[in-house]
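Residue numbers for the sequence shown follow full-length UniProt numbering, so the first one is 1 and each next one is one higher. C-beta: ideal position from N, C-alpha, C; glycine also. In this text, all values refer to a predicted model and were calculated from it rather than measured experimentally.
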Amino acid sequence: MIPTLKLSEIITVWRDALQASQPIRDFCTAHYNKPPNIFVGINGKTPPAATDGPVIILYPGTKSEGLELQEYTYKLTISWMISQPAVVVTGNLTEYSGVAECDSLGQLIYLELAQLRPDNPISVLHYNIEPVAYFPQFCGRMDITVTITPVNGYSINF
């Protein structure tokens, strides 16, 4: 038997964890008066609107498996969006509240996933926030790599 793991299995585990996360639900309810809308993939022709926010989107990505590999890698992406038009001006300082709120939601997402599977931890995280292009929407994205050492003859459980 060749060990393999479907990307959709990882996405399903992460989707369920994010949907059940009380810290994420509490944060979104406190700031936006509703829990987040969670999508597995999106329709690029009609993406979620600002009124759908807060939004968390899970994208299956790529994987590298095979008998010649010592480690298998699974790369998946999660993005999120909040809408926050508040701007605080104090003297010569202008601060867009959405930057910090977007980062806070991203950190909650990351922490939820990071503690989920200690035996298959997040190996690499690339994390960024887009504070300019879509004001008053603030979007974040994390590209996540999970590395698993397979054992021939055994299935991979995530």
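| The alpha helix (DSSP H) with I10 in it runs from where to where? | First-last of the alpha helix (DSSP H) with I10: L7 to A20.
| To the nearest angstrom, how far is it from the Cα of H31 to the Cα of Q84? | Here the C-alpha atom of H31 lies approximately 9 Å from the C-alpha atom of Q84.
| Does the Cβ of G106 have 16 or more other Cβ atoms within 10 Å, making it buried, or fewer, making it exposed? | Answer is buried; the Cβ neighbour count reaches 16.
| field | Proximity winner among G53, L108 and P150, relative to F138 (alpha-carbon distances) | value | The shortest C-alpha separation from F138 is found at G53.
| query | Is it right to say L5 is buried, meaning 16 or more other beta carbons lie within 10 angstroms of its own, or is it exposed? | reply | L5 should be labelled buried.
| query | In chain order, which alpha helix (DSSP H) runs of at least 4 residues are fully inside the segment 94-154? | reply | Taken in chain order, the whole alpha helix (DSSP H) runs of length 4 or more contained in the segment 94-154 are 97-114.
| said: Between which residues of its own chain and V87 is the CB-CB distance below 8 Å, once the five residues before and five after are set aside? | reply: Same-chain partners within the cutoff: T94, E95, Y96 and S97.
| task | Starting from the N-terminal side, write out each stretch of the beta strand (DSSP E) that is 3 residues or longer and does not extend beyond the segment 43-69. | result | Whole beta strand (DSSP E) segments, 3+ residues: 55-64.
| query | Is I24 helix, strand or coil when you go by DSSP? | reply | I24: helix per DSSP, three-state reduction.
| field | Any non-hydrogen atom of the ligand MN within 8 Å of T94 CB | value | Among the components modelled here there is no ligand, and therefore nothing to report on the ligand MN.
| query | Grouping DSSP H, G and I as helix and E and B as strand, with all else coil, what is T29? | reply | In this structure, DSSP gives T29 a helical state, which the three-state scheme calls helix.
| message | Just to check my reading of the structure: I78 and I56 have Cβ atoms closer than 8 Å, yes? What is that Cβ distance to the nearest angstrom? | response | With 8 Å as the limit, I78 and I56 qualify as a contact, their Cβ atoms being about 7 Å apart.
| field | Same chain, Cβ closer than 6 Å to P36, five either side skipped, listed in chain order | value | Taken in chain order, the residues that qualify are C28, P54 and I56.
| field | Limits of the unbroken beta strand (DSSP E) element including N37 | value | Per DSSP, the continuous beta strand (DSSP E) segment holding N37 begins and ends at N37 to V40.
| query | Once you ignore the five residues that flank L116 on each side, which residues in its own chain have a CB closer than 8 Å to its CB? | reply | Excluding residues within five positions, the ones whose Cβ falls inside 8 Å are V13, W14 and A17.
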